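Taking it in order: structure first as structure tokens, then the write-up.
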Amino acid sequence: MFLKMGDQQDKRNWYIYFAVLSTTLIVVVTGSCFTWTSPIIPKLSSTNHHVNPIGKPLTLSESAWIVSSMSLGLIFGPSLSMTLSKFFCKKSILLLVGLPLVLAQIICLFSSTVQYFLIARFLMGVAAGAVWSVLPNYIAEIAEDSNRGFLGTLAGVMSTGGSLIPYIIGPYVSIKTFTIISLLPMGLYYILFGWFVPDSPYDLILKHQERKAGQSLMKFRGTTKIEKELDYISSTIHSSNNDEGFGYLFRNEGLRRALLICVILMVFQQFSGIQAVGSYTQTIFELAGSELSSEICAMIVGTVSLISVLISSRLIDTMGRKILITVSFIVTALSLFSLAVYFYMLSAKMDVSPVSWLPMIGVIIYMFAFNFGLGILPWVILGELFPSNVKAVASTITSLANFCLSFNVTACFPYMVEAIGMSGTFFTFGVVMVLGTVFSLIFVPETKGKSLMEIEKMLKC
């Protein structure tokens, strides 16, 4: 063997955490892109040419297109990552798809027309869609069985933290200053992840670079005693590498089941109404009679989301995925039903003064419950259920389903409110969450502490 034996494993292997934190710096930026419109649209709608680089206020149509153009870009991201996967390993893909993100920020820095902002937002979406198609798989492959869940949720923590940046900084600085600040994490990302974090050992074995795979695994594990795991990775890849792509994914019963579980989880994630509630939080508060400013509302919701993901990251490897996502479904449903009741009372012209606190508390509980499980765990599970030879295809299909639904649910939300009212809309989302609870209890596998090969065997049963 090419590896020496004898070194003891460092009980506190800090490197794997450094590696994942460095890798997830990119989702700090994509997270900020999702909430970018919150402080920027008001600036672009200003009549003050010192604030507005376009020189004239946005029309309603222009504003809507700037908001939605990122969602359109998201749909193209998974296809980009799958195409790149035919030529590059996951680390290289993650570095390459960061380039549209940097280009988007540079365009924002010098943009003086609506068209350039539309292009920038579209590129943000393409990059974010590609990143989330690859990142969960990369983290799952470099993590150990005992901490794979925690490391997987760190992407959610970093993304949620990034989404707070526009809320906290955006309203108080110019668009150019905000753009420069947004570029800083990308600089760190290319330095730390690009130079100091190796390729996934799975990818290196696929490329027949066993020596580099061993060196990579030694770094991630903090020990030279990695022959057993290296042999296991090699056997896992070789046992599933006789066939690849769409055909194998749909011929294999266990993989078909895994794909169906992941896609349905993404359907439930989006039909929780998260994009609609997130995009129209201030509208919901205004309809409920709240006097809080949009900045305060956004900060409260963003902070609650971050706290929720942090708690989830600490519990995922002790309580497991199935329990967390089931609890998330239940509490999300209850909060949606509470909002439905409030808006029904409001539309029926009943006295709502005794429960005037309900919309704020309902939305806070909703955001907490969603981010606690339903927000990040489908992505963690996606990174665990598929062998290397079909990861790219499965991730592309699942991510594409998620982003298409995200765009459509957000676009349809105002029409749902117009057709069945705010109460009917929230009630519909709540019923979907009840169905999600049943689905989670019956079909979602518990992957806590299991190796990727054990998970594959479990799905075949």
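Whatever position you read off the sequence shown (first residue = 1), add 10 for my numbering.
For glycine and all other residues, C-beta sits at the position ideal for the given N, C-alpha and C.
Predicted model only: the values in this text are computed from it and were never measured.
Would residue i be called buried (16 or more neighbouring beta carbons within 10 Å of its own) or exposed?
| i | result |
| --- | --- |
| Lys467 | exposed |
| Asn418 | exposed |
| Glu464 | exposed |
| Gly171 | buried |
| Lys100 | buried |
| Pro364 | exposed |
| Arg221 | exposed |
| Val37 | buried |
| Ala379 | buried |
| Lys4 | With the chain covering only 11 through 471, there is no way to say anything about residue 4. |
| Thr189 | buried |
| Glu72 | buried |
| Trp142 | buried |
| Trp205 | exposed |
| Asn58 | exposed |
| Tyr352 | buried |
| Trp24 | exposed |
| Gln279 | buried |
| Met360 | exposed |
Which same chain residues, not among the five before or five after residue i, have their C-beta less than 8 Å away from its C-beta?
| i | result |
| --- | --- |
| Leu469 | Gly264, Leu265, Arg267, Ala268, Leu395, Pro455 |
| Asp20 | The pLDDT assigned to Asp20 is 46, lower than 50, so where the model puts this residue is not dependable; a value taken from the coordinates is nonetheless given after this. Cβ within range, chain order: Gly232, Thr233. |
| Asn157 | Ile26, Asp327 |
| Phe347 | Phe436, Phe437, Gly440 |
| Asn62 | Lys53, Leu54, Ser55, Ser56 |
Looking only at C-alpha atoms, which of the options sits nearest to residue i?
| i | options | result |
| --- | --- | --- |
| Ser192 | Ser173, Gly204, Pro208 | Ser173 |
| Asp209 | Tyr182, Arg261, Ile306, Val144 | Val144 |
| Asp213 | Leu410, Ser405, Pro397 | Pro397 |
| Arg324 | Gly166, Phe97, Asn62, Gly431 | Gly166 |
| Ser322 | Asn381, Gln115, Tyr182 | Asn381 |
| Ile371 | Phe28, Trp24, Val311 | Val311 |
| Leu334 | Ile50, Tyr376, Ser450, Gly204 | Ser450 |
| Ile152 | Ile201, Val207, Pro110, Arg331 | Val207 |
| Leu194 | Phe160, Val112, Phe97 | Val112 |
| Val472 | Val277, Gln115, Ser416, Ser303 | Outside the displayed span of the chain (11 to 471) sits residue 472, for which this structure offers no information. |
| Gly330 | Pro110, His59, Gly162 | Gly162 |
| Ile201 | Leu368, Cys43, Gly108, Ala343 | Gly108 |
| Ser416 | His218, Gly139, Gly257 | Gly139 |
| Leu105 | Ile274, Phe203, Phe256 | Phe203 |
| Ile64 | Ser303, Lys53, Gln280 | Lys53 |
| Gly257 | Asn399, His60, Ala429, Val39 | Asn399 |
| Leu302 | Trp46, Pro369, Tyr182 | Pro369 |
| Leu445 | Met426, Ala343, Met168 | Ala343 |
| Val427 | Trp389, Gly283, Ile274, Cys118 | Gly283 |
| Val273 | Trp389, Tyr126, Ser345 | Trp389 |
| Met168 | Tyr199, Lys359, Asn262, Leu119 | Tyr199 |
| Gly41 | Ile149, Ala150, Leu164, Ser102 | Leu164 |
To the nearest angstrom, how far is it from the Cα of residue i to the Cα of residue j?
| i | j | result |
| --- | --- | --- |
| Leu270 | Ile452 | 13 Å |
| Val337 | Gly383 | 8 Å |
| Gly459 | Thr187 | 44 Å |
| Ser78 | Ala421 | 8 Å |
| Val30 | Thr123 | 38 Å |
| Leu320 | Phe439 | 25 Å |
| Ile76 | Ile129 | 9 Å |
| Thr447 | Ile317 | 23 Å |
| Thr408 | Lys66 | 40 Å |
| Ile386 | Phe413 | 14 Å |
| Leu462 | Asp155 | 8 Å |
| Leu410 | Thr34 | 21 Å |
| Ile306 | Lys332 | 34 Å |
| Leu240 | Gln225 | 10 Å |
| Ile50 | Pro211 | 41 Å |
| Ser89 | Phe98 | 14 Å |
| Gln68 | Ala114 | Per the sequence shown, the amino acid found at residue 68 is Leu instead of Gln. Going from the Cα of Leu68 to the Cα of Ala114 covers about 19 Å. |
| Ser32 | Gly197 | 11 Å |
| Ile355 | Cys43 | Sequence inspection shows Met at residue 355; the Ile mentioned does not correspond to that position. If you take the alpha carbons of Met355 and Cys43, they lie about 36 Å apart. |
| Thr457 | Ile391 | 8 Å |
| Met80 | Val314 | 24 Å |
| Trp46 | Asn262 | 41 Å |
Keeping to the same chain, check which residues put their C-beta closer than 7 Å to that of residue i; ignore five residues upstream and five downstream.
| i | result |
| --- | --- |
| Ile215 | Ala223, Ile243, Ser244, Ile247 |
| Ser357 | Gly431, Ser433 |
| Asn147 | Lys100, Gly393, Lys401, Ser405 |
| Ser48 | Pro176, Tyr177, Gly180, Ala308 |
| Val341 | Ile375, Ala379 |
| Phe260 | Arg266 |
| Ile117 | Tyr126, Ile129, Ala130 |
Within 7 Å: the Cβ of residue i and any heavy atom of the ligand COA?
| i | result |
| --- | --- |
| Asn262 | Of the ligands one can find in the structure shown there are none, so the ligand COA has no counterpart to examine. |
Skipping 5 residues on each side, what residues in its chain have a beta carbon closer than 6 Å to that of residue i?
| i | result |
| --- | --- |
| Gly83 | Phe132, Gly135, Val136 |
| Ser95 | Ala402 |
| Leu349 | Gly372, Phe436 |
| Leu281 | The sequence given here has Phe at residue 281, not Leu. Around Phe281: Val442. |
| Ser366 | none |
- Message: Quick check on the DSSP output: what are the complete alpha helix (DSSP H) runs of length 4 or more inside the region 127 to 203, in order along the chain?
- Response: 158 to 178
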